[in-house]
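Scroll down for the structure; my scribbles are underneath it.
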Amino acid sequence: MGLVLVVLLYLGVISLPRNLYYDIINFDANPRIYDARLILEEYVKSGRLWFGNGLGSLSRLSDIYPWRTYTDAHNVFPLQILNDTGIVGLALLSFVIFLLYRKLKTGIMKLMYIEFVVLLMFHNIFPYFQLFWFLIVLIFTIDRKNAETSR
Amino acid sequence: MNKVLKINAIGFTAFLVVLCLLFNGVTIANLGFNLRPIHILLPWLAIMAALFPKKLLGSSLVVFLRQRPTYLFMAYLAIPIVLYVGPNSLKLLAGIFFNVFLALLFYGIFKDRSISLTSLFKMAYYSTVFLAGVMVLQFFLSALGIYKPHMYGIDGFFLLGRPAAFFGDPGWLAYWIILFSLLVYYFYRIGRLNVTSFYFFLFLLLLAVFINQSRVTLLFLLVNYFLVVLKNKTERKFFFGFFSP
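Chains as they are written, first to last, in the working numbering: chain A, 19 to 169; chain B, 28 to 272.
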């Protein structure tokens with residue numbers, strides 16, 4: 019199946035969609051990579067490695083520092099946290115994530131929780147939206163109910 | 028028949044919550060802020076909390092009291108942040124606290140004994156089928172030229188955009204589909220879902236994701252299939268051979 023796709027691409031019968039083009043051919047055009055590089059550069063340049071440059075979302079930070087040129091994507095959560103709260107904040111956040119993981123009892127919900135965290139890292143809806151709180155509640159309730167029935 | 032007709036108030040509330048969050052990206056009107064379905068749900072939630080305070084707020088109060096040091100710690104953290112950053116962050120913190128309160132209410136609703144595991148799995152199944160069905164329908168209508176969906180980007184597989192914008196944010200759609208399809212896979216794995224409806228679900232979902240061109244969703248769907256459905260099965264060996272060139 020993959021071979022057929024590659025041959026069709028080579029012959030020019032089908033064309034790559036633009037957002038796959040980011041991933042495969044022009045890696046630097048990916049807005050996430052662009053943001054990540056920019057944030058990391060500023061973080062290292064500022065020299066506040068332990069406690070960061072202050073809290074806030076990307077849009078708020080771009081209000082405070084107008085020379086920043088982030089794209090619209092809010093997609094590099096670990097680096098945002100690293101820039102805003104430093105190494106201490108990142109360590110605290112990962113500790114909280116680990117504490118919540120430890121409270122889960124069934125394997126399937128552990129997998130769902132890990133995937134949820136991985137998704138949050140690359141498309142940040144934490145914690146300004148209801149969907150985050152709904153999903154975290156649902157993960158825990160299904161986990162408890164599943165543990166009750168399987169026991 | 029009697030069982031079917033018996034309307035459970037908390038079950039109905041849970042259904043409304045799920046429905047409102049499914050459509051949360053949709054803006055109903057702009058009254059200075061974006062009016063969303065969840066804002067219309069809030070009075071109903073308040074009525075339910077007043078009618079069943081023990082059921083809905085009791086369990087969340089237990090959670091709150093157990094985790095009291097954590098919340099106090101968060102409050103102590105919030106004070107210097109507000110003082111340091113200014114009133115801009117006050118709005119943000121108010122939003123977060125409001126959402127935390129809403130989450131405690133959701134916990135009270137979904138923890139209730141009347142909501143069974145099977146009904147939650149059914150919710151996962153039907154909501155994902157609904158989302159995928161709407162995407163496929165939009166694609167066919169736009170291909171026929173009857174309907175023009177709001178699209179993200181151009182130059183897709185058939186020089187079409189991503190018809191996910193009906194639900195507001197494609198990111199939300201991806202979250203919903205990935206996490207709830209994992210639940211449906213598990214439901215199939217433990218033998219509570221028959222083969223026909225599972226493969227109908229998988230076919231519809233893969234078609235929708237292909238139309239939507241969501242790379243991350245496709246990746247997670249395949250990874251979940253490998254991890255959950257093919258767990259301890261010999262077909263696992265051939266899985267990657269099928270998709271690689």
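Just so you know, even glycine gets a beta-carbon here, dropped at the ideal spot from N, CA and C.
For this session: Please name the residues in the stretch 62 to 92 of chain B whose beta-carbon is closer than 7 angstroms to at least one beta-carbon of chain A, in chain order.
Result: Ile65
Exercise. Within 10 angstroms of its Cβ, does isoleucine 238 of chain B collect 16 or more other Cβ (buried), or is it exposed?
Worked result: buried
For this session: State buried or exposed for leucine 200 of chain B, treating a residue as buried only when at least 16 other CB atoms are found within 10 Å of its CB.
Result: buried
Exercise. Can you name the residues of chain A whose CB is closer than 8 angstroms to the CB of isoleucine 205 of chain B?
Worked result: Glu133, Leu137
Exercise. With a CB to CB cut of under 8 angstroms and the five nearest residues on each side skipped, what residues in its chain are close to alanine 91 of chain A?
Worked result: Note on alanine 91 of chain A: pLDDT 49, under 50, position unreliable in the model; no value is reported.
For this session: Between the Cα of threonine 244 of chain B and those of B/Leu220, B/Ile205, B/Lys258, spot the shortest distance and give me the residue it belongs to.
Result: B/Ile205
For this session: Tell me whether asparagine 71 of chain A is buried or exposed, calling it buried when 16 or more other Cβ atoms sit within 10 Å of its Cβ.
Result: buried
For this session: For asparagine 101 of chain A, name the three-state secondary structure that DSSP assigns.
Result: helix
Exercise. Is it buried or exposed for valine 89 of chain B, if we count other Cβ within 10 angstroms and need 16 for buried?
Worked result: exposed
Exercise. In angstroms, rounded to a whole number, what distance separates the CA positions of leucine 220 of chain B and phenylalanine 214 of chain B?
Worked result: 6 angstroms
For this session: Would you tell me roughly how many angstroms separate the C-alpha atoms of phenylalanine 150 of chain A and isoleucine 173 of chain B, rounded to the nearest one?
Result: 36 angstroms
For this session: With DSSP as the reference, please indicate the residues paired to leucine 62 of chain B in a beta bridge.
Result: B/Ala56
Problem set entry | valine 94 of chain A - DSSP class collapsed to helix/strand/coil | coil
For this session: Let me know if serine 241 of chain B comes out buried or exposed under the rule of 16 or more other beta-carbons within 10 Å of its beta-carbon.
Result: buried
Problem set entry | beta strand (DSSP E) runs wholly inside the stretch 110 to 176 of chain B, at least 3 long, in chain order | none
Problem set entry | 8 angstroms CB neighbourhood of valine 255 of chain B in its chain, flanking five on each side removed | Leu209, Tyr212, Tyr213, Arg216
Problem set entry | Alpha carbon of valine 161 of chain B to alpha carbon of phenylalanine 100 of chain B, nearest angstrom | 45 angstroms
Exercise. Can you name, in chain order, every residue of its own chain whose Cβ lies under 7 angstroms from the Cβ of phenylalanine 137 of chain B, other than the five neighbours on each side?
Worked result: Ala41
Problem set entry | Cβ shell of valine 106 of chain A (< 7 angstroms), same chain only, five flanking positions each side left out | Trp68, Phe69
Exercise. Are leucine 131 of chain B and leucine 72 of chain B touching if we call contact CB-CB under 8 angstroms?
Worked result: no
For this session: Return the CA-CA distance between serine 64 of chain A and isoleucine 99 of chain A, expressed in angstroms with no decimal places.
Result: 15 angstroms
Problem set entry | For alanine 235 of chain B and proline 227 of chain B, the rounded distance between their alpha carbons | Going by the sequence as given, residue 227 of chain B is phenylalanine instead of proline. Using only the alpha carbons, I get a separation of about 12 angstroms.
Exercise. Which same chain residues, not among the five before or five after asparagine 251 of chain B, have their C-beta less than 6 angstroms away from its C-beta?
Worked result: Leu209, Tyr212
Exercise. Roughly how many angstroms lie between the CA atoms of isoleucine 154 of chain B and alanine 170 of chain B, to the nearest whole one?
Worked result: Correcting the residue identity first, residue 154 of chain B is serine in this sequence and not isoleucine. Approximately 24 angstroms, taken between the alpha carbons.
Exercise. Under a Cβ-count criterion, where at least 16 other Cβ atoms within 10 Å of its own Cβ denotes burial, should lysine 264 of chain B be classed as buried or exposed?
Worked result: exposed
For this session: Please classify serine 87 of chain B: is it buried, with 16 or more other beta-carbons within 10 angstroms of its beta-carbon, or exposed?
Result: buried
Exercise. Under 8 angstroms between the Cβ atoms of leucine 83 of chain B and leucine 43 of chain B?
Worked result: no
Exercise. Alpha carbon to alpha carbon, how far is asparagine 61 of chain B from serine 143 of chain B?
Worked result: 34 angstroms
Exercise. Do you know offhand how far cysteine 47 of chain B's Cα is from phenylalanine 95 of chain A's?
Worked result: 27 angstroms
Exercise. Taking a cut of 8 angstroms between CB atoms, which residues from the stretch 210 to 230 of chain B lie near chain A?
Worked result: Leu210, Tyr213
Exercise. Along chain B, which residues have their Cβ under 8 angstroms away from the Cβ of asparagine 164 of chain A?
Worked result: Leu144
Exercise. Shortest alpha-carbon distance to lysine 123 of chain A belongs to which of A/Phe116, A/Val25, A/Phe158?
Worked result: A/Phe158
Exercise. By DSSP, does valine 31 of chain A sit in helix, in strand, or in coil?
Worked result: coil
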